[in-house]
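> In full-length UniProt numbering, the protein residues as written are 1 to 226.
Just passing along the structure, written as structure tokens.
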Amino acid sequence: MVCSKLVISLSHTVAVYGQLCLAIGGSTDSDDLRIELQRQRTIACDISMKTKDKLIPLYKNQTSNVSSLSSTSECDLERLCFLFSGCLELLKLELTKSLSLHRLFPSGSTCFINTGISDSMIGTTSRKSVTSVISLTDRFRNDDYHITSIEKDLSCIKTLENDVDRIISVQPWNIEPDTHYIDANKRGTRSGVRCSVWVRIMDAVKRMKRILFSPITRVFAYSSFY
């Protein structure tokens with residue numbers, strides 16, 4: 001099913017983007033990292049729009065023609081919609097985190113967080129100083145561009161998430177997930193795999209909310225900056 005492949009691809013892209021965000025402000029931060037973040041963000045937004053264009057009309061057709069689908073197909077389609085909604089929520093959280101990190105750690109040669117992996121700066125300071133002065137204006141311009149781009153993508157994803165949640169009438173917490181997805185997977189069915197992915201996404205969303213909005217994270221970010 002095309003929609004299933006799109007949702008899986010979106011989930012993978014969001015996971016890659018979240019991993020790359022962890023390097024912002026660290027010793028592995030670079031202009032190439034910011035460019036790759038932008039590329040992954042563009043891919044995620046494009047997949048989100050394509051998934052909406054294909055999945056939502058199918059869901060509307062199901063709700064208008066209840067007798068046209070079996071109960072199993074109806075349940076699978078609802079779960080796929082919930083997976084898509086969970087991916088959008090997780091992408092929104094990742095974009096919010098990325099926007100905060102881009103504002104907190106502007107691009108440059110200064111390493112704000114020592115992750116334990118860095119090259120020696122002895123003998124390279126004088127060689128890098130001229131380049132830093134020359135490209136300082138470009139760096140500020142690039143920072144503004146990335147921040148503006150993230151803000152636009154974040155606004156787009158928020159609107160998309162609201163539209164999807166408004167169209168999907170059944171809420172995710174009204175459906176009991178299949179806790180025997182391991183046995184179902186052994187029998188060769190795919191329902192268990194979908195349930196396991198959904199459980200992992202919801203667990204990741206909860207953990208991300210606790211990490212992103214916890215007082216410890218804000219205090220650590222503030223102390224690291226100053």
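All C-beta atoms in this analysis are idealised placements derived from N, C-alpha and C, irrespective of residue type, glycine included.
Which same chain residues, not among the five before or five after Thr159, have their C-beta less than 6 Å away from its C-beta?
Taking the first residue of the sequence shown as 1, we reach residue 159 at position 159. If we look at Thr159 and ignore the five residues flanking it on each side, it has no Cβ neighbours.
> What is the DSSP secondary structure of Ala15, reduced to helix, strand or coil?
Residue numbering aside, residue 15 sits at position 15 when the sequence shown is read from its first letter. In the structure shown, Ala15 sits in a helix (DSSP, three-state: H, G or I).
> Could you check the C-alpha separation between Tyr17 and Ile168 for me, to the nearest Å?
Numbered from 1 along the sequence shown, position 17 holds the residue referred to as residue 17. Numbered from 1 along the sequence shown, position 168 holds the residue referred to as residue 168. For Tyr17 and Ile168, the distance between alpha carbons rounds to 26 Å.
> Let's test the definition: count the other Cβ atoms within 10 Å of the Cβ of Asp29 and tell me whether it reaches 16, buried, or not, exposed.
Your numbering for residue 29 matches position 29 in the sequence shown. Answer is buried; the Cβ neighbour count reaches 16.
> Looking at the unbroken alpha helix (DSSP H) that takes in Asp46, where does it start and where does it end?
One-based indexing of the sequence shown puts residue 46 at position 46. Start and end: Asp31 to Ser64.
> Within 10 angstroms of its Cβ, does Tyr145 collect 16 or more other Cβ (buried), or is it exposed?
Reading the sequence shown from its first residue, position 145 is the one you call residue 145. Exposed, by the Cβ-count rule.
> Is Phe84 closer than 9 Å to Leu55 when the C-beta atoms are compared?
Taking the first residue of the sequence shown as 1, we reach residue 55 at position 55. Taking the first residue of the sequence shown as 1, we reach residue 84 at position 84. Against a cut-off of 9 Å, the Cβ pair of Phe84 and Leu55 comes out as a contact.
> Would you kindly work out how many angstroms separate the C-alpha atoms of Ser11 and Cys87, rounded to a whole number?
Translated into the one-based positions of the sequence shown, residue 11 becomes position 11. Translated into the one-based positions of the sequence shown, residue 87 becomes position 87. One C-alpha to the other measures close to 6 Å.
> Rounded to a whole number of angstroms, what is the C-alpha to C-alpha distance between Leu154 and Arg41?
Working through the sequence shown from its first residue, we reach residue 154 at position 154. Working through the sequence shown from its first residue, we reach residue 41 at position 41. Those two C-alpha atoms are separated by around 10 Å.
> Roughly how many angstroms separate the alpha carbons of Lys52 and Lys97, rounded to a whole number?
Within the sequence shown, numbered from 1, the residue matching residue 52 stands at position 52. Within the sequence shown, numbered from 1, the residue matching residue 97 stands at position 97. Roughly 24 Å between the two C-alpha positions.
> Can you give the Cα-Cα distance for Ser4 and Thr13, rounded to whole angstroms?
In the sequence shown, counting from the first residue as 1, residue 4 sits at position 4. In the sequence shown, counting from the first residue as 1, residue 13 sits at position 13. The straight-line gap from Cα to Cα measures roughly 14 Å.
> Cutting at 7 Å between CB atoms, please list the residues of its own chain near Gln38, excluding the five before and the five after it.
The residue labelled residue 38 in the question sits at position 38 within the sequence shown. Excluding positions up to five away in sequence, the list reads His146 and Ser149.
> Considering Cα atoms alone, identify which of Ser64, Leu91, Glu74 and Ile24 is closest to residue 268.
A query on residue 268 cannot be resolved here, the shown segment of the chain reaching from 1 to 226 and no further.
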